[in-house]
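Visitor: Structure incoming, see below.
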C-alpha cells in the first residue's frame, strides 16, 4: 500500500490487472496506459493519439470504459483493471472477440483492442439503460439500433474505416443478448 | 510532462487547504483535460492534489424539489440518473452531446465546469496567447478563427468556453457550491462562475486560489419545455460551433462566448411578445465576427429561432 502523500516524484502503486494483483513503483507522470504497456508488458492496449481522441487505449476500470492515456497510474490505487488480454485468450475468446473475427471487423487491427474493450462496456451501459445522444426517449428503454451503436462507439476511431463491419460485429452480440 | 509531486485528498476542506499552502498546486479530478494540457506543456503544475476519491460523487434530492449533484459525479452518471433524465432533459442532452463515452465516464461535474478553452492557439505553444502568457497577444484574432467567439469578446481574447453542460446549467439557473482554503463555503450563481475575457483572459473564473467546487445545485425543474441543440462539424464527439439550451422561459447559448451566454435580451424580448426570430436578433445585435467565424452569427440566430419555436409549440 502506497502512502497517500508522495514527497518524491515516484509512488508505489498496487492494482489488479486481469485478475492478478500487480505492484509497481512508478514515476508519478506514468499514465495508466504506459504502466500497462511498458511496465506490465500488456501490449494489447494501444497508444494512438495519447490525447483521448482516438480510443485505442480504452480499458475497463472497475468495469467502466476510460481512455488509459488520460489517467495517471497513481490515480488507480486499488482499482480493478481489465484489458483486452483479460477479456479472452486464444481458445477462449469473448463473444465480441469472436464476432469481430467472424465479421472481419478490422484491417490493420491497431484500434481493435480499444474497439472491443469499448464495445464490451458499451453493452453494459446500454443494459443499465444509460441514454445516449441518439436516444429519443430519455426515460425509456434503450434499443441498440445502428444509430445508437454508432453514437455510443464514437469515442473509438478506426483509420482503416472498418466501421460497417465493426457495427455488424457489435450488432451480432447485442442482438444475441437482447 | 514536467515532474510534480502528488497527494490524495481525503475531503474537500483538506484539499482546499492543501491547495492554498503550495504554490503551483492544482486539483486533479478526472484528469481528462488537465493531463492532456500537462502533456502539451500548457498546464505546468508542480503539485497535484487528487480529489478523485473525495466523497462528493452523489446526486441527492434537494429539500426544495431540486437536485444536488456532487462535484465528483461523472458526466456519465449524471446523464444516467433517473431523476435528471425525468426532470432535467436539457442537462442530459447537453452532457451526452459532449466529448466521448470514455471521457464522460471519467470527467467530473466540477472538472467540466472548469475545463479550459479548446482554442487552437491556446493549444499551440508556438503561437501567442494571452491566456497562456498574459500580454503575448492573441493569434486567433486575424488567424484561423472559425471556432472563435462572437459575443463578449475583447481585443485580448476571442476564445470560447467548451462546456455543453454549463450552458444547460445556465438555462436551468443552477448554483455552484464551493469550499475555500479557510473552510468558508459559498454558493455562486452559474452565470457568475465564468468571466468574460476583458483585459485579463488568463483569469477565467470568479473562484479564489484553492477554492474547490463541491456541488452543482439544480433548482426545481422549470415549467415549460427543455431542449439542448448543438451544431457541429461532425455528428458526434466534436465541439459545438453553436448551441442553444432552453429551459422554460430561460435561454442560454454555447460555443459563442468565453462563458455560457445567458440570453437575457432574448428572454426579455419574448416576455414582451416578440416573435422568436426577433428575440434572437435582439440578442445577437452585439455579436461580432473576426472573419472566419462570421457565419456563426447567422447560424446562432437560426438555431435560437428554431429552439425557441420548438419550445413554444
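Residue numbers (the working numbering), protein chains in the order written: chain A, 5 to 182; chain B, 3 to 315. Positions of the beta carbon are idealized from the N, C-alpha and C atoms, including for glycine.
Does any CB atom of chain B fall closer than 8 Å to the CB of residue 54 of chain A?
Guide: Judged by the 8 Å Cβ criterion, residue 54 of chain A is in contact with chain B.
Visitor: Determine the burial state of residue 273 of chain B: buried for a count of at least 16 other Cβ atoms within 10 Å of its Cβ, exposed for fewer.
Guide: Per the 10 Å Cβ criterion, exposed.
Visitor: Between the Cα of residue 45 of chain A and those of A:146, A:26, A:151, A:156, spot the shortest distance and give me the residue it belongs to.
Guide: For residue 45 of chain A, the nearest C-alpha among the options comes from A:26.
Visitor: Alpha carbon to alpha carbon, what distance is there between residue 177 of chain A and residue 99 of chain B?
Guide: About 26 Å.
Visitor: Quick one: which unbroken alpha helix (DSSP H) runs of 4-plus residues sit fully inside the stretch 150-185 of chain B? Chain order, please.
Guide: With a minimum length of 4 residues, the continuous alpha helix (DSSP H) runs that stay inside the stretch 150-185 of chain B are 167-174.
Visitor: Would you kindly report the start and end of the unbroken beta strand (DSSP E) that includes residue 232 of chain B?
Guide: Residues 228-234.
Visitor: Whole angstroms is fine: what's the gap from residue 229 of chain B's alpha carbon to residue 313 of chain B's?
Guide: C-alpha separation (whole angstroms): 8 Å.
Visitor: Under a three-way DSSP split, which group does residue 255 of chain B fall into?
Guide: Residue state, collapsed to three classes: strand.
Visitor: Run through DSSP, which three-state label would residue 25 of chain B get?
Guide: Coil.
Visitor: Measuring alpha carbon to alpha carbon, tell me which of B:45, B:51, B:43 ends up nearest residue 23 of chain B.
Guide: Considering only alpha carbons, the answer is B:51.
Visitor: What are the residues that DSSP puts in a beta bridge with residue 189 of chain B?
Guide: BP columns for residue 189 of chain B point to B:179.
Visitor: Could you tell me whether any Cβ in chain D is nearer than 8 Å to the Cβ of residue 149 of chain B?
Guide: The displayed structure is made up of protein chains A and B, and chain D is not among them.
Visitor: Helix, strand or coil, according to DSSP, for residue 3 of chain A in the structure here?
Guide: Chain A is shown only over 5 to 182; residue 3 of chain A falls outside these bounds and no answer can be derived.
Visitor: With a threshold of 7 Å on Cβ separation, who are the neighbours of residue 9 of chain A within its own chain once the five nearest residues in sequence on each side are excluded?
Guide: In this prediction, residue 9 of chain A scores a pLDDT of 47, lower than 50, which makes its location untrustworthy; the coordinate-derived value is nonetheless stated afterwards. Excluding sequence neighbours, residue 9 of chain A sits near nothing in its chain.
Visitor: Report the rounded CA-to-CA distance for residue 221 of chain B versus residue 80 of chain A, giving the unit in angstroms.
Guide: For residue 221 of chain B and residue 80 of chain A, the distance between alpha carbons rounds to 34 Å.
Visitor: Got a sec: which bits of the stretch 69-83 of chain B sit with their beta carbon under 8 Å from any beta carbon on chain A, in order along the chain?
Guide: Per Cβ criterion, the list reads 78, 81, 82.
Visitor: I want to see whether chain B comes within less than 8 Å of residue 69 of chain A, judged by CB atoms only; does it?
Guide: Closer than 8 Å to some Cβ of chain B, the Cβ of residue 69 of chain A qualifies, so yes.
Visitor: Kindly indicate which three-state DSSP category residue 245 of chain B falls into: helix, strand or coil?
Guide: Correct three-state label for residue 245 of chain B: strand.
Visitor: Contact between the stretch 139-152 of chain A and the stretch 164-178 of chain A: three or more CB pairs below 8 Å?
Guide: The stretch 139-152 of chain A is in contact with the stretch 164-178 of chain A.
Visitor: Within this structure, are the beta carbons of residue 158 of chain A and residue 78 of chain B separated by less than 8 Å?
Guide: Cβ distance not < 8 Å, so residue 158 of chain A and residue 78 of chain B don't count as in contact.
Visitor: Using a Cβ-Cβ distance cut-off of 8 Å, determine whether residue 174 of chain B contacts chain A.
Guide: Chain A contact via Cβ: absent.
Visitor: Strictly by DSSP, which residues pair up with residue 110 of chain B?
Guide: Residue 110 of chain B pairs with B:76.
Visitor: Does residue 165 of chain A get closer than 8 Å to chain B when you measure Cβ to Cβ?
Guide: By this cut-off, residue 165 of chain A is not an interface position.
Visitor: Near residue 31 of chain B, what residues of its chain come up, given a Cβ to Cβ distance below 7 Å and the 5 sequence neighbours on each side ignored?
Guide: If we look at residue 31 of chain B and ignore the five residues flanking it on each side, its Cβ neighbours are 53, 54, 74, 110, 112, 113.
Visitor: Closer than 7 Å, Cβ to Cβ, to anything on chain B: give me those residues from the stretch 147-175 of chain A, in chain order.
Guide: So the close ones are 155, 156, 158, 159.
Visitor: From residue 84 of chain A to residue 41 of chain B, what does the alpha carbon distance come to, in whole angstroms?
Guide: Cα to Cα, the separation comes out at about 25 Å.
Visitor: Could you run through the stretch 14-34 of chain B and flag, in chain order, every residue whose CB is less than 9 Å away from some CB of chain A?
Guide: Those residues of the stretch 14-34 of chain B that come within reach of chain A (Cβ to Cβ, closer than 9 Å) are 30, 32, 33, 34.
Visitor: Using a Cβ-Cβ cutoff of 7 Å, what residues of the stretch 224-250 of chain B are near chain A? List them in chain order.
Guide: The residues in question are 238, 239.
Visitor: Can you tell me where the beta strand (DSSP E) holding residue 114 of chain A begins and where it ends?
Guide: That residue, residue 114 of chain A, is in no beta strand (DSSP E); it is neither H nor E in DSSP.
Visitor: Around the C-beta of residue 298 of chain B, are 16 or more other C-beta atoms found within 10 angstroms, so that it is buried, or is it exposed?
Guide: The residue in question, residue 298 of chain B, is buried, as its Cβ has 16 or more Cβ neighbours within 10 Å.
Visitor: Let me see if you follow: with CB-CB separation under 8 Å, is residue 324 of chain B close to chain A or not?
Guide: With chain B running from 3 to 315 in the structure shown, residue 324 of chain B is simply not present.
Visitor: Could you give the DSSP three-state label for residue 97 of chain A: helix, strand or coil?
Guide: Of the three classes helix, strand and coil, the one that applies to residue 97 of chain A here is coil, per DSSP.
Visitor: Applying the criterion that 16 or more other CB atoms from any shown protein chain within 10 Å of the CB defines a buried residue, is residue 254 of chain B buried or exposed?
Guide: Classification for residue 254 of chain B: buried.
Visitor: DSSP state of residue 123 of chain B, grouped into three classes?
Guide: In the structure shown, residue 123 of chain B sits in a helix (DSSP, three-state: H, G or I).
Visitor: Beta-carbon within less than 6 Å of residue 257 of chain B's beta-carbon, same chain only, minus the 5 sequence neighbours each way: which residues are those?
Guide: Closer than 6 Å at Cβ, skipping near neighbours: 162, 242, 243, 244, 245.
Visitor: Hey, is residue 93 of chain A's beta-carbon within less than 8 Å of any beta-carbon in chain B?
Guide: Answer no: the Cβ-Cβ gap between residue 93 of chain A and chain B never drops below 8 Å.
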